[in-house]
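2 protein chains.
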Amino acid sequence: MFRALVIEDQTLMRLALMNEVQASFEDCSVLGAETLEIAASELQNNNFDLVVIDPGLPGFDPTSQTDRIAVVDKIVEASPSAIHVVVTGSDNRFEAEEFRQIGAAAYLGKTGLPPGVFSDVLDDISTNGFSLRLSRVAMTKPDYRYSVLTPREQEIIDLMAHRAPGVKRKEIFAAMADRFGIDAGSAERYFKQARAKLMRQGHPLPRGL
Amino acid sequence: MFRALVIEDQTLMRLALMNEVQASFEDCSVLGAETLEIAASELQNNNFDLVVIDPGLPGFDPTSQTDRIAVVDKIVEASPSAIHVVVTGSDNRFEAEEFRQIGAAAYLGKTGLPPGVFSDVLDDISTNGFSLRLSRVAMTKPDYRYSVLTPREQEIIDLMAHRAPGVKRKEIFAAMADRFGIDAGSAERYFKQARAKLMRQGHPLPRGL
DNA sequence: GAAAATCGGGATGGTCTCATCCCTATTAAA
DNA sequence: TTTAATAGGGATGAGACCATCCCGATTTTC
Numbered sequence: 001m002f003r004a005l006v007i008e009d010q011t012l013m014r015l016a017l018m019n020e021v022q023a024s025f026e027d028c029s030v031l032g033a034e035t036l037e038i039a040a041s042e043l044q045n046n047n048f049d050l051v052v053i054d055p056g057l058p059g060f061d062p063t064s065q066t067d068r069i070a071v072v073d074k075i076v077e078a079s080p081s082a083i084h085v086v087v088t089g090s091d092n093r094f095e096a097e098e099f100r101q102i103g104a105a106a107y108l109g110k111t112g113l114p115p116g117v118f119s120d121v122l123d124d125i126s127t128n129g130f131s132l133r134l135s136r137v138a139m140t141k142p143d144y145r146y147s148v149l150t151p152r153e154q155e156i157i158d159l160m161a162h163r164a165p166g167v168k169r170k171e172i173f174a175a176m177a178d179r180f181g182i183d184a185g186s187a188e189r190y191f192k193q194a195r196a197k198l199m200r201q202g203h204p205l206p207r208g209l
Numbered sequence: 001m002f003r004a005l006v007i008e009d010q011t012l013m014r015l016a017l018m019n020e021v022q023a024s025f026e027d028c029s030v031l032g033a034e035t036l037e038i039a040a041s042e043l044q045n046n047n048f049d050l051v052v053i054d055p056g057l058p059g060f061d062p063t064s065q066t067d068r069i070a071v072v073d074k075i076v077e078a079s080p081s082a083i084h085v086v087v088t089g090s091d092n093r094f095e096a097e098e099f100r101q102i103g104a105a106a107y108l109g110k111t112g113l114p115p116g117v118f119s120d121v122l123d124d125i126s127t128n129g130f131s132l133r134l135s136r137v138a139m140t141k142p143d144y145r146y147s148v149l150t151p152r153e154q155e156i157i158d159l160m161a162h163r164a165p166g167v168k169r170k171e172i173f174a175a176m177a178d179r180f181g182i183d184a185g186s187a188e189r190y191f192k193q194a195r196a197k198l199m200r201q202g203h204p205l206p207r208g209l
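These protein sequences, in sequence, are chains S and Z.
Mapping to our numbering: the first sequence position 56 is 56, numbers consecutive.
Mapping to our numbering: the second sequence position 54 is 54, numbers consecutive.
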């Protein structure tokens, strides 16, 4: 059974990263630590397969390169058999190289890091030995979230709202069907249901319905 | 129907904040913008009731106080009727005061900002006119997340794992029952079910079962 | 004009979670 | 020692969501 540890001080981000890890493994337990102290205590008593680290932790200067390296180095030494993934908001390729040299298997910038990347990152690691994803601005349209929609309905609305011009709806339905292993007709049904809900309740629809 | 806009460049954090807003309102639509450009475009075409802003956006210097003020100021002026909530990782009370003076109704530090705060923040705003929550380290034990548990089961395990010494389990069951409006017996049933699942699958249990 | 795409649904079965009520042992506290 | 708390379940109905198959009408595209 897979065991992971996420070390990140921002609670919402820590929970989001824990969800990401969970989504990548069938059966796993994920621990979350807000501080290096809690993390160190858990590392003493457990063996982890994966450790996710944000080097900007409380008690350290996030602008001090020495501090950042020290944090990661301490954790890597405390869990030599684990895969170490560094996640940071202030990323650059020089720091990525430094962390790679002290044993990190991945270096991810937070900006533009989308849900579902973890499985891709783990693929990168197993094929190339290292995964690098620097922050980049990718969005041109906003995200839309409606509380009246079910998850499936929300997902197809997301895909449709970010549809490139000229792409047929049928292609989006096919893409969703492929991604979730369902029928394209079902995807179409979700879309119709979702749009009907939004229209009925007077919600402003994203451009491109 | 309630309309909100979340402006934050880190995707996972943006989605988490959007979830927080959604959880605070029965029926609402929440837009997410990665950049000031996208946000400005949406602010032109829509009226929002609530705007959540992280001033550290792409294209601006996150250490420049001038840039940070300019970002928030621009957004406040573009949506004068909305409630404005500033969320930042590098918070301090001087900046809080500056943002308050240009019209922000809340200033929240990201570290230790837990799920479910938004309704409390909105209460603060409606009673005091302003809500201030600076970053603080609150955790002494790690969070545990198990993929085999249902949400309800996970929640009662969370509560039980962070139980203060000397507190009876019955009190935790009562607390959960009160928080979710269910029966204390149901909470107890979830706990038993959750623990049985973890034992059966050989998961290491948090201290204090 | 014919074919493909889109619109706008109804109906159904299966699965999962939620919330509750019930039962009997065993252990800890008064 | 008597009471309260904890351990360890079984069973059930309600409701939500998932996934599918079906229908007819309209619009767009070639």
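Every residue gets a Cβ at the ideal spot worked out from N, C-alpha and C, and that includes glycine.
Kindly indicate if chain Z contains any beta-carbon less than 8 Å away from that of residue i.
i	result
S/L36	no
S/G32	yes
S/E95	no
S/Q193	no
S/E150	Note on identity: in this sequence residue 150 of chain S is Thr, with Glu being the wrong assignment. No, no contact with chain Z.
S/M199	no
S/Q22	yes
S/S119	no
S/L137	Sequence inspection shows Val at residue 137 of chain S; the Leu mentioned does not correspond to that position. At least one chain Z Cβ lies under 8 Å of S/V137.
S/S147	yes
For residue i, which residues of its own chain have a beta-carbon under 7 Å away from its beta-carbon, when the five flanking residues on both sides are left out?
i	result
Z/Y190	R152, E153, I156
Z/P58	D9, T35
S/Q201	V148
S/N92	none
Z/E42	L5, L31, A33
Rounded to a whole number of angstroms, what is the C-alpha to C-alpha distance between residue i and residue j?
i	j	result
Z/R14	S/Q44	33 Å
S/I125	Z/R207	33 Å
S/A16	Z/R136	19 Å
S/I172	S/M160	7 Å
Z/M199	S/L12	28 Å
Z/G112	S/A106	26 Å
Z/R145	S/V30	5 Å
Z/P204	S/V6	17 Å
Z/D27	S/E188	24 Å
Z/T150	Z/K74	43 Å
S/P62	S/G56	5 Å
Z/Q193	S/V52	29 Å
Z/S24	Z/K170	28 Å
S/K110	Z/G89	13 Å
Z/I46	S/E20	First, the amino acid is wrong: residue 46 of chain Z is Asn here, not Ile. Roughly 32 Å between the two C-alpha positions.
Z/A39	S/K141	9 Å
S/D123	Z/M1	43 Å
With a threshold of 8 Å between beta-carbons, can residue i be considered close to chain S, or not?
i	result
Z/N128	no
Z/L132	no
Z/S29	yes
Z/E42	yes
Z/T11	yes
Z/G112	yes
Z/H203	yes
Z/F48	no
Z/G25	The question names Gly, but residue 25 of chain Z is Phe in the sequence shown. Yes - at least one Cβ of chain S is within 8 Å of the one on Z/F25.
Z/A106	no
Z/D143	yes
Z/P55	no
Would you mind reading off the limits of the beta strand (DSSP E) that contains residue i?
i	result
S/T88	83 to 88
S/D143	143 to 146
S/R136	Here S/R136 belongs to no beta strand (DSSP E), and DSSP marks it neither H nor E.
S/R14	Note, S/R14: premise wrong, no beta strand (DSSP E); alpha helix (DSSP H) at 11 to 24.
S/A33	28 to 33
S/A4	2 to 7
Z/I53	50 to 53
Z/A106	106 to 109
Any heavy atom of the ligand COA closer than 7 Å to the beta-carbon of residue i?
i	result
S/R169	The ligand COA is absent from the structure shown, which contains no ligands of any kind.
Could you tell me the boundaries of the alpha helix (DSSP H) in which residue i lies?
i	result
Z/I125	117 to 128
Z/L36	36 to 45
S/L198	184 to 200
S/I172	169 to 180
S/T63	Neither: S/T63 is in no alpha helix (DSSP H) and is coded neither H nor E.
S/P151	151 to 161
S/R207	Taken as a continuous stretch (DSSP letters only), S/R207 belongs to no alpha helix (DSSP H), as it is neither H nor E.
Excluding the 5 residues preceding and the 5 following residue i in the sequence, name in chain order all residues of the same chain whose CB lies nearer than 6 Å to its CB.
i	result
Z/L108	V87, R133
Z/I83	L50, A105
S/M18	V6, V30, G32
I'd like the list of long-range same chain contacts for residue i, defined as Cβ closer than 8 Å, with 5 residues on each side in sequence excluded.
i	result
Z/D158	D143, Y144
Given 8 Å as the limit, is there contact between the region 122 to 131 of chain Z and the region 166 to 173 of chain Z, that is, 3 or more CB pairs closer than that?
As far as the Cβ criterion goes, the region 122 to 131 of chain Z does not touch the region 166 to 173 of chain Z, which means the pair count is below three.
Any contact between the region 172 to 190 of chain S and the region 63 to 81 of chain S? By contact I mean 3 or more CB pairs, one from each, below 8 Å.
Using a C-beta cut-off of 8 Å, the region 172 to 190 of chain S makes no contact with the region 63 to 81 of chain S, since fewer than three inter-stretch Cβ pairs fall below that distance.
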